[in-house]
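Report on the following structure.
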Amino acid sequence: MGIGSPTTGSPTTAAAPGAKRAAGAKSRAGGGSIADKFRRLGLLRAQDFVLHLPLRYEDETRVQPIRSLRPGLPGQVEGEVIRCDVTYRPRRQLVAILRDDSGELGLRWLTFYPSQLQQMQEGRRWRVRGEVRGGMFGIEMIHPRVTTAGAPLPASLTPVYPTTEGLAQASLRRAIAEALSSCPLDDTLPQSVVERLGLMPFAQAIQTLHGPTPDDDADALLEHTHPAWLRVKFDELLAQQLSLAAAREARRAKRAPALARREGAAGLCTRLLSVLGFELTAAQQRVVSEIGDDLTRTYPMHRLLQGDVGSGKTVVAAMAAMQAIDAGMQVAVMAPTEILAEQHFQKMRGWCDALGVELRWLTGSMPARARRDAVQAIASGQARLVVGTQALIQDSVRFRDLGLVVVDEQHRFGVAQRLDLTRKGEEEGASPGNSDFVPHQLTMSATPIPRTLAMTFFADLEVSSIDSMPPGRKPVTTKLVSSERRAEIVAHVIHAARAGTQTYWVCPLVEESETLDLQTAVDTHVTLAQSMPGLVVGLVHGRMPTAEKAAVMRAFRAGDIHVLVATTVIEVGVDVPNAALMVVEHAERFGLAQLHQLRGRVGRGQAQSVCVLMFLVPLSMLARERLRAMYETQDGFEIAQRDLDLRGPGELLGARQSGMALLKFADLAQDGTLVRAAREVAIDLRKDAPEIVERHLARWMRGREDFLRS
Ligand code: ADP
Ligand code: MG
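Using the working numbering, read the sequence shown as starting at 2 and increasing by one per residue.
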């Protein structure tokens with residue numbers, strides 16, 4: 002939000018136009034009482050106001066010469082109005098010119114009151130502040146805040162709070178000041194911890210953040226490196242660690258069916274190994290046994306299986322499933338897209354048929370009749386293994402004796418869906434008559450979790466890693482090619498097709514628009530088909546009916562399609578060994594994790610695979626870094642770490658979908674040291690000082706416990 006918009010009006014501007022506008026906005030918004038607005042921000046108790054910390058600060062401590070203003074930055078100047086007009090082109094607006102000794106500044110109001118016209122009379126002097134923009138005739142401010150010239154300047158930074166429509170900064174400041182005077186700011190941490198870690202006392206930190214003094218380091222406050230910020234971030238991270246530990250303990254206290262291994266030649270696991278047609282790698286054997294051990298426990302497993310794209314996670318999941326089925330339980334395997342679920346189903350079907358295990362398929366887009374059948378077979382317990390999409394967690398689906406839930410590519414599911422899944426397991430009860438039983442849970446991901454993230458949001462997960470690839474894999478050669486050389490690439494694809502190599506041609510991502518995504522895919526399909534006469538060019542995209550999608554993928558797998566034009570629906574899990582060439586158009590629009598996933602679709606067969614990342618110049622700094630990372634490394638861990646550095650944890654956590662703030666103050670990419678410290682303190686406090694744990698959580702957790710459990 003720009004400076005000078007209604008909600009940042011200052012309490013000292015009662016006579017100024019800004020304040021009138023703020024009042025107007027308030028009644029227009031009409032969003033209920035002020036208490037409602039506070040509630041919208043999660044501000045209920047005095048404690049909540051105390052922890053409602055500034056989003057940023059404004060530096061109103063000085064008046065600058067107009068000449069020193071820079072577009073894009075806030076500024077504050079004083080000067081004389083040398084002209085003021087109401088103009089009508091391109092629309093009705095109030096335009097004034099302010100001059101000081103160093104230069105002139107345009108001021109513009111797109112809506113205004115007669116009193117403002119009055120105020121801007123020639124010859125009057127004002128102090129104005131706002132964001133500077135490059136206008137048609139020089140620099141200008143739109144809707145600046147106007148106050149009396151020569152009035153005393155504040156001595157320190159002015160806090161700007163997160164707010165909601167129709168709630169003025171002034172009201173927030175007042176309420177917060179009140180809370181600060183009424184609410185005890187005692188330290189929840191023992192003095193010994195505060196001293197050992199060199200933390201600022203809580204009360205001092207809070208007072209500083211709400212009301213910095215001229216002595217406080219303004220840059221450190223703005224950049225969140227001030228000791229006051231460090232204290233608050235530490236407290237927040239500590240609360241997170243404490244609640245994660247509590248969640249883990251609660252899980253350990255729950256009961257799950259102990260799924261004993263069935264040894265010997267008749268056991269499903271042994272039989273599965275004999276029908277695979279390949280040997281498990283040492284890494285796969287290790288994780289199979291880690292998971293298998295967990296399944297024999299009487300409390301629910303909560304394990305993450307991570308392994309780079311193509312490392313062979315599916316068969317590991319199948320081994321776990323067979324152990325559960327041998328022990329008499331049902332297993333659900335859930336994937337984030339229909340294409341991926343379909344792939345699992347195909348693969349599992351081969352294995353299940355050979356072993357005589359009853360397998361079912363369930364997705365949202367199934368015909369009603371087939372769906373009813375599947376739901377019935379699941380409820381009766383006839384279906385032992387069920388593969389599907391989110392449809393598996395819908396209310397109408399009831400399992401008879403669910404013992405294990407496998408979630409593939411879990412980061413692609415929203416947080417809310419993951420929560421639903423956990424709850425489903427818990428409500429369901431793993432076994433009739435044993436409603437306190439909770440199924441075991443295995444999540445799989447090809448996006449490895451960087452260390453700081455693992456220590457925070459995923460701290461309640463055990464982790465198994467497949468750290469080597471099946472034999473015979475060759476690294477993929479990555480080429481970065483400017484889109485000006487498109488014709489050369491097309492020629493190369495044709496050449497490759499004649500030599501028997503299939504190609505994925507991935508269409509540019511159109512941010513936030515599925516319709517445009519679809520359109521570009523359709524267009525690309527048409528132009529490529531024209532420029533590749535004699536070749537079969539197929540098309541697959543997210544909006545296609547499931548059956549059609551499956552048919553295209555089957556044809557591609559069978560080698561009947563030379564070039565498959567695709568949107569990112571192929572991003573996860575698709576497995577066609579003969580596809581050794583991938584072209585990504587507008588690679589600069591894709592995220593790093595996405596590119597890594599896409600590239601993982603090739604390099605699965607015997608041939609040397611190539612991934613061509615086509616990009617359009619000029620590249621933004623971020624895009625350049627991403628493409629460089631793709632060129633420099635194929636190591637999924639390295640890529641995930643760089644992704645975290647470039648973008649923060651939101652994407653990995655699927656938090657964008659949840660719309661929920663994760664950590665409000667701490668920044669995982671930057672605060673690794675604090676994370677480690679908080680973790681150690683959490684362990685000690687839980688051991689020695691449960692009353693402190695309780696006090697600290699009471700201050701910091703406001704109904705966020707649920708979220709942390711996902
Ligand atoms: P991901 O970990 O990306 O889900 P998949 O489970 O789809 O990978 O496995 C990729 C391919 O590797 C599949 O075709 C699978 O059958 C094959 N594969 C898995 N394990 C082995 C192995 N130990 N030896 C040979 N091929 C394997
Ligand atoms: Mg997979």
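Where a beta carbon is used, it is the ideal one built from N, C-alpha and C, also for glycine.
{"query": "Neighbourhood of residue 168 by C-beta, 6 Å cutoff - its chain only, sequence neighbours within 5 removed", "result": "38"}
{"query": "Nonlocal neighbours in the same chain, by C-beta distance under 8 Å from residue 298, ignoring five residues either side", "result": "257 and 259"}
{"query": "CA-to-CA distance, residue 301 to residue 697, given in whole angstroms", "result": "28 Å"}
{"query": "Beta-carbon proximity of residue 567 to residue 505, cut-off 8 Å", "result": "yes"}
{"query": "Alpha-carbon to alpha-carbon, residue 481 and residue 593", "result": "14 Å"}
{"query": "Residue 503 - DSSP class collapsed to helix/strand/coil", "result": "strand"}
{"query": "When 344, 679, 276 and 691 are compared against residue 320, the one with the closest alpha-carbon", "result": "276"}
{"query": "First through last residue of the alpha helix (DSSP H) which encompasses residue 349", "result": "339-356"}
{"query": "Contacts around residue 183, its chain only, beta-carbon distance under 7 Å, and the 5 residues preceding and following it disregarded", "result": "47"}
{"query": "Bridge partner(s) assigned by DSSP for residue 57", "result": "161"}
{"query": "Residue 322 beta carbon near the ligand ADP (any heavy atom closer than 7 Å)", "result": "no"}
{"query": "Near the ligand ADP: residue 313 beta-carbon under 7 Å from a heavy atom", "result": "yes"}
{"query": "Distance, residue 641 Cα to residue 614 Cα", "result": "19 Å"}
{"query": "Residue 279 beta carbon near the ligand ADP (any heavy atom closer than 7 Å)", "result": "yes"}
{"query": "Nearest-angstrom Cα separation, counted from residue 160 out to residue 719", "result": "Outside the modelled stretch of the chain, which goes from 2 to 711, sits residue 719, for which no answer is possible."}
{"query": "Stretch-stretch touch, CB-based, cutoff 8 Å, three pairs: the region 381-389 with the region 324-344", "result": "yes"}
{"query": "Residue 468 beta carbon near the ligand ADP (any heavy atom closer than 7 Å)", "result": "no"}
{"query": "Bridge partners - residue 127, DSSP secondary structure assignment", "result": "80 and 149"}
{"query": "Three-state secondary structure assigned by DSSP to residue 445", "result": "strand"}
{"query": "Backbone CA spacing between residue 655 and residue 56 [nearest angstrom]", "result": "Legend: pLDDT at residue 655 = 46, less than 50; position of this residue unreliable, no value from coordinates given."}
{"query": "Length of the line joining the Cα atoms of residue 328 and residue 270", "result": "11 Å"}
{"query": "Given residue 487 as reference, the closest of 529, 675 and 538 once Cα atoms are compared", "result": "529"}
{"query": "Boundaries (first-last residue) of the alpha helix (DSSP H) holding residue 203", "result": "203-211"}
{"query": "Distance CB(residue 363)-CB(residue 393) smaller than 8 Å", "result": "yes"}
{"query": "Identity of the residues DSSP links to residue 303 by a beta bridge", "result": "442"}
{"query": "In chain order, each alpha helix (DSSP H) run of at least 4 residues that lies wholly inside the region 573-611", "result": "593-600"}
{"query": "Near the ligand ADP: residue 375 beta-carbon under 7 Å from a heavy atom", "result": "no"}
{"query": "Residue of 314, 272 and 618 minimising C-alpha distance to residue 287", "result": "314"}
{"query": "Buried/exposed call for residue 92, threshold 16 Cβ in 10 Å", "result": "exposed"}
{"query": "Separation of residue 465 from residue 407, as counted between CA atoms", "result": "14 Å"}
{"query": "Stretch pair the region 196-216 + the region 96-112: three plus CB contacts closer than 8 Å", "result": "no"}
{"query": "Residue 188 beta carbon near the ligand MG (any heavy atom closer than 7 Å)", "result": "no"}
{"query": "Member of 158, 156, 179 and 352 whose CA lies at the smallest distance from the CA of residue 53", "result": "179"}
{"query": "Alpha carbon of residue 60 to alpha carbon of residue 158, nearest angstrom", "result": "5 Å"}
{"query": "Boundaries of the alpha helix (DSSP H) in which residue 380 is found, first to last residue", "result": "369-381"}
{"query": "Beta-carbon gap between residue 241 and residue 540 smaller than 8 Å", "result": "no"}
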